[in-house]
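Working notes, beginning with the structure itself.
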Amino acid sequence: MPHKFDLHAFTRAATRDGRKLLAIYLTCGFPEREWTAPLAQAAFAAGADLLELGMPFSDPLADGPTIQAASQHSLERGVTSGSYFTTAREVAELGPTLFMGYLNSVTVPNFLNRARDAGLCGLILPEWPVHSAAFAMFERSAQNCGVPRIPFVAPTSSAERIAATDRLNAPFIYAVSIAGVTGARATVSERAYDYLAGLRTSLATPYLAGFGVANATAAQRMAAVADGVIVGSALLDGIGRVNTLEAACGFVRAFVSELRAALDDAPVLQENRKC
-10 MPHKFDLHAF
0 TRAATRDGRK
10 LLAIYLTCGF
20 PEREWTAPLA
30 QAAFAAGADL
40 LELGMPFSDP
50 LADGPTIQAA
60 SQHSLERGVT
70 SGSYFTTARE
80 VAELGPTLFM
90 GYLNSVTVPN
100 FLNRARDAGL
110 CGLILPEWPV
120 HSAAFAMFER
130 SAQNCGVPRI
140 PFVAPTSSAE
150 RIAATDRLNA
160 PFIYAVSIAG
170 VTGARATVSE
180 RAYDYLAGLR
190 TSLATPYLAG
200 FGVANATAAQ
210 RMAAVADGVI
220 VGSALLDGIG
230 RVNTLEAACG
240 FVRAFVSELR
250 AALDDAPVLQ
260 ENRKC
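Per our numbering: the sequence shown ends with 264, consecutive numbering throughout.
See the structure below:
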């Protein structure tokens, strides 16, 4: 029986203690199927708190060129839903791991059973609606399986949607920093930082900032106004530039260590948080 990780308790404890959470994204099977678990191990050893394991999908609407290319590469290398969950089980034994994918690639309820049995501790599905009668049973089943979903908010979200998302009492909320797709960016606009800072007065649920985090400097600035960051494309870009597993693990250790140090030095802001 896989270890059951309480993601809700983990994120609340981190927020209470002022620890900025670092979530790392890897595409399952990129660039080689057997690399995923060693890369995850390197990330956890370097200070990652959570790992999003992406299921390769042919039409990843929320993802930019880097993750789209990684998904296509993995699909061409033969990664399937079956091999995904085999790898997910290996990765989940190394540290808390979340499913990241798209609703078109999952089949209910078999999907939830497979996620639970693989030891995954949460679900990131961008198209999952905030409120829908059709998804209410799915949501309850996911919670009962111990794999709660992680909802999204974005700069385009209305105040009503943000409030509704907060009422879900999710383990954490994925706060998209920009109106666009994933991808490392040389700079992040001041508008994005202002938007993330503004969420502190709207959300009691911990929220992690994603999309556009390219380096330790951006991670630290976002973590100053959020409860942590999610980094994916910049990591995949670095992995894609090397040719050996040893070099890829070395890059992951160095990059994640830099992010971890930056987040540990980020200021802790609690005074204006919604209660």
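Where a beta carbon is used, it is the ideal one built from N, C-alpha and C, also for glycine.
Here the structure is a predicted model, which means the values were calculated and not measured.
Per-residue burial, residue i [other beta carbons within 10 Å of its own, 16 or more giving buried]
{"i": "K9", "result": "buried"}
{"i": "P256", "result": "exposed"}
{"i": "A2", "result": "exposed"}
{"i": "L50", "result": "exposed"}
{"i": "S47", "result": "exposed"}
{"i": "M126", "result": "exposed"}
{"i": "H(-3)", "result": "buried"}
{"i": "A123", "result": "exposed"}
{"i": "R210", "result": "buried"}
{"i": "D52", "result": "buried"}
{"i": "G71", "result": "exposed"}
{"i": "D155", "result": "buried"}
{"i": "M(-10)", "result": "The pLDDT assigned to M(-10) is 46, lower than 50, so where the model puts this residue is not dependable; a value taken from the coordinates is nonetheless given after this. So M(-10) counts as exposed."}
{"i": "G221", "result": "buried"}
{"i": "G111", "result": "buried"}
{"i": "S146", "result": "buried"}
Assigned secondary structure, residue i (DSSP; H/G/I helix, E/B strand, else coil)
{"i": "I56", "result": "helix"}
{"i": "M89", "result": "strand"}
{"i": "V80", "result": "helix"}
{"i": "G7", "result": "coil"}
{"i": "G187", "result": "helix"}
{"i": "M(-10)", "result": "Any reading at M(-10) is ruled out, since the residue's pLDDT is 46, under 50, leaving its predicted position unreliable."}
{"i": "V165", "result": "strand"}
{"i": "V241", "result": "helix"}
{"i": "F127", "result": "helix"}
{"i": "R180", "result": "helix"}
{"i": "I139", "result": "coil"}
{"i": "L197", "result": "strand"}
{"i": "L42", "result": "strand"}
{"i": "A212", "result": "helix"}
{"i": "A35", "result": "coil"}
{"i": "G217", "result": "strand"}
{"i": "A207", "result": "helix"}
{"i": "T16", "result": "strand"}
{"i": "L109", "result": "coil"}
{"i": "T69", "result": "coil"}
{"i": "T145", "result": "coil"}
{"i": "N102", "result": "helix"}
{"i": "D155", "result": "helix"}
{"i": "L270", "result": "The structure shown does not extend to residue 270, since the chain spans only -10 to 264, so no value can be given for it."}
{"i": "T96", "result": "coil"}
{"i": "E23", "result": "helix"}
{"i": "H120", "result": "coil"}
{"i": "D(-5)", "result": "coil"}
Beta carbon of residue i nearer than 8 Å to that of residue j
{"i": "T194", "j": "A159", "result": "yes"}
{"i": "D216", "j": "F141", "result": "no"}
{"i": "P45", "j": "L15", "result": "no"}
{"i": "I113", "j": "I139", "result": "yes"}
{"i": "A205", "j": "E247", "result": "yes"}
{"i": "G199", "j": "Y163", "result": "yes"}
{"i": "A251", "j": "A208", "result": "yes"}
{"i": "R262", "j": "L11", "result": "no"}
{"i": "A26", "j": "F74", "result": "no"}
{"i": "I228", "j": "P20", "result": "yes"}
{"i": "V68", "j": "R129", "result": "no"}
{"i": "V202", "j": "Y182", "result": "no"}
{"i": "Y101", "j": "A58", "result": "Per the sequence shown, residue 101 should be read as Leu rather than Tyr. No, these two residues do not count as a Cβ contact at 8 Å."}
Presumed contact (8 Å Cβ cut-off) between residue i and residue j, rounded CB distance
{"i": "L109", "j": "T86", "result": "6 Å"}
{"i": "C17", "j": "L39", "result": "Not really, about 15 Å apart at Cβ, beyond 8 Å."}
{"i": "Y91", "j": "P118", "result": "The Cβ separation is near 14 Å, so there is no contact."}
{"i": "Y196", "j": "P144", "result": "Wrong, their Cβ atoms sit about 13 Å apart, outside the cutoff."}
{"i": "V231", "j": "A35", "result": "Not confirmed; about 16 Å, so no contact."}
{"i": "V80", "j": "R105", "result": "Contact flag wrong, Cβ pair sits at about 15 Å."}
{"i": "T55", "j": "D226", "result": "6 Å"}
{"i": "A153", "j": "H120", "result": "6 Å"}
The ligand PLP heavy atom lying under 7 Å from the CB of residue i
{"i": "R242", "result": "Of ligands this structure carries none, so the ligand PLP is not represented either."}
**Asked** Taking one C-beta from the stretch 16 to 36 and one from the stretch 222 to 242 each time, how about it: are there three or more such pairs within less than 8 Å?
**Response** yes
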